[in-house]
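To keep things clear, I will list the structure first and then write my remarks on it.
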Amino acid sequence: MLPHYGDLALLKLAVTSVLAQTDDRWQLTVLDDNPADRVHGIPEWFATLDHPRVKYRRNPQNLGVTGNFQQCIDLATQPFMVIMGCDDVMLPRYVERVHALIDTHPEAVLIQPGVEVIDENGTVVKTLVDSTKRRVYAPRFAGTTVMSGEDLAVSLLRGNWLYFPSLCWRTEEMKAVGFNPSLKVIQDLALILELVARGGTLVADEEVCFQYRRHGSSLSAASAVTGGRFSEARNFFLGAAARMEAHGWPRAARTARWHLSSRLHALTMLPSAAKQRSGSSVRVLTRYAFGPPRN
Numbered sequence: 001m002l003p004h005y006g007d008l009a010l011l012k013l014a015v016t017s018v019l020a021q022t023d024d025r026w027q028l029t030v031l032d033d034n035p036a037d038r039v040h041g042i043p044e045w046f047a048t049l050d051h052p053r054v055k056y057r058r059n060p061q062n063l064g065v066t067g068n069f070q071q072c073i074d075l076a077t078q079p080f081m082v083i084m085g086c087d088d089v090m091l092p093r094y095v096e097r098v099h100a101l102i103d104t105h106p107e108a109v110l111i112q113p114g115v116e117v118i119d120e121n122g123t124v125v126k127t128l129v130d131s132t133k134r135r136v137y138a139p140r141f142a143g144t145t146v147m148s149g150e151d152l153a154v155s156l157l158r159g160n161w162l163y164f165p166s167l168c169w170r171t172e173e174m175k176a177v178g179f180n181p182s183l184k185v186i187q188d189l190a191l192i193l194e195l196v197a198r199g200g201t202l203v204a205d206e207e208v209c210f211q212y213r214r215h216g217s218s219l220s221a222a223s224a225v226t227g228g229r230f231s232e233a234r235n236f237f238l239g240a241a242a243r244m245e246a247h248g249w250p251r252a253a254r255t256a257r258w259h260l261s262s263r264l265h266a267l268t269m270l271p272s273a274a275k276q277r278s279g280s281s282v283r284v285l286t287r288y289a290f291g292p293p294r295n
């Protein structure tokens, strides 16, 4: 499933990367959430593509990010699904490798393949955010690792080291939980934690077969500078702490209350907010970064 809101050039790259898979056990559905004045050339390109396993649909009205994500779940028909970013790239062995991991770990609810990060131009880059994900928050392993339960919840609440657009999900579990419609930025972590609380198993693999594009124009990057992301995050982590406590996972509850990685992220955004002379953003970020944990 490929929820789309953007231009045709990057969409073409994403779709073409799916067409180039070494394993043809895939179906691709593109859900275009662009308003009418921004779809020029997109339906026509898919018409010329005329591929039997590629479907293009345009939403009659804009659903927003989370609404279009949920539509991906609602329309998924296969046992496993991917909600791919419309500016990301599947390397040729993605489908082949994920199928192999499913065969080896049939209990998996989430599969995280190896990921490399690219910039706006498609160049592989190493950013501070991604280096921190790998060196500080992600578990260290060689080959493949399997995680579940409170240990996995604690790991993700310390710092979400997963790459949402690259994940392969068990569809029936996704349909049972769904996205929280009130969340605009942190909806992926919320869903993942619900799956983990339901007993879901994560399989992480080191073979790189996906390229995640990171650039400053994303919704999450923009909301981070304005502080909007952290207003949402504060409420989310407090709610997550309560749910973890009720679930009998005290370590996960404690980690959620402190949400240290999110606080550090807010701290790194302060210079950008100050440069933009946004006093309200500076206040939001400062309170979030240095405020005490709450019960």
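Numbered per UniProt numbering, the sequence shown spans residues 1 to 295.
Beta carbons are placed, not taken as given, at the ideal position from N, Cα and C, and that holds for glycine.
Check: residue i C-beta below 7 Å from any heavy atom of the ligand HEM
i: Gly143; result: Here there are no bound small molecules, and the ligand HEM is not part of this structure.
Inter-residue Cα distance where the pair is residue i and residue j
i: Leu183; j: Val177; result: 14 Å
i: Arg53; j: Trp26; result: 7 Å
i: residue 356; j: Met81; result: No information on residue 356 is available, as it lies outside the stretch 1 to 295 that the chain covers here.
i: Gly6; j: Gly248; result: 42 Å
i: Ser131; j: Glu245; result: 31 Å
i: Gly279; j: Trp169; result: 41 Å
i: Val136; j: Leu238; result: 23 Å
i: Ala20; j: Ile192; result: 29 Å
i: Ala9; j: Ala47; result: 16 Å
i: Ala190; j: Phe164; result: 12 Å
i: Lys175; j: Lys275; result: 43 Å
i: Pro139; j: His40; result: 44 Å
i: Trp45; j: Asp103; result: 35 Å
Contacting residues, own chain, Cβ-Cβ under 6 Å from residue i (five flanking each side not counted)
i: residue 296; result: Shown here, the chain extends from 1 to 295; a query on residue 296 therefore has no answer.
i: Leu162; result: Gln112
i: Lys133; result: Trp161
i: Asp87; result: Leu10 and Arg213
i: Ala204; result: Gln112 and Thr145
i: Cys72; result: Met1, Pro3 and Ile83
Same chain, Cβ closer than 8 Å to residue i, five either side skipped, listed in chain order
i: Val196; result: Ser148, Gly149, Leu152, Ala153, Leu156 and Leu202
i: Glu173; result: Val109, Leu195, Arg198 and Gly200
i: Phe69; result: Pro3, Ile83, Phe179 and Gln187
i: Arg214; result: Val117, Ile118, Asp119, Val125, Thr127, Val129 and Asp130
i: Glu107; result: Thr201
i: Pro181; result: Thr66, Gly67 and Gln70
Own chain partners of residue i with C-beta closer than 7 Å, once the 5 adjacent residues on each side are dropped
i: Ile186; result: Glu232, Ala233 and Phe236
i: Leu13; result: Val89
i: Ser218; result: Bear in mind that a pLDDT of 47 at Ser218, under 50, signals an unreliable position, so the model cannot answer this.
i: Ala253; result: Ala241, Met244 and Glu245
i: Val18; result: Trp26, Leu28 and Met90
i: Arg38; result: none
i: Thr255; result: Val154, Leu157 and Arg158
i: Asp33; result: Pro3, His4, Tyr5, Asn59, Asn62, Leu63 and Asn68
Cβ-Cβ distance between residue i and residue j below 8 Å
i: Gly143; j: Glu206; result: yes
i: Cys209; j: Gly114; result: yes
i: Tyr212; j: Val117; result: yes
i: Leu49; j: Met1; result: no
i: Gln112; j: Leu167; result: yes
i: Ser241; j: Arg257; result: Reading the sequence as shown, one finds Ala at residue 241 and not Ser. Yes, they are a contact pair.
i: Leu101; j: Thr29; result: no
i: His105; j: Val146; result: yes
i: Pro43; j: Asn62; result: no
Beta-bridge pairing of residue i - partner residues as DSSP gives them
i: Val203; result: Ile111 and Val146
i: residue 300; result: A question about residue 300 goes unanswered here, because the residues of the chain that appear run from 1 up to 295.
i: Gln211; result: Val89 and Glu116
i: Asp32; result: His4 and Arg58
i: Val125; result: Paired residues: none, contrary to the question.
i: Trp169; result: Met81 and Leu110
Closer than 8 Å to chain B by CB, residue i
i: Asp50; result: Here there is only one protein chain, and chain B is not present.
Could you tell me whether the region 119-127 touches the region 56-71, where touching means 3 or more Cβ pairs closer than 8 Å?
no
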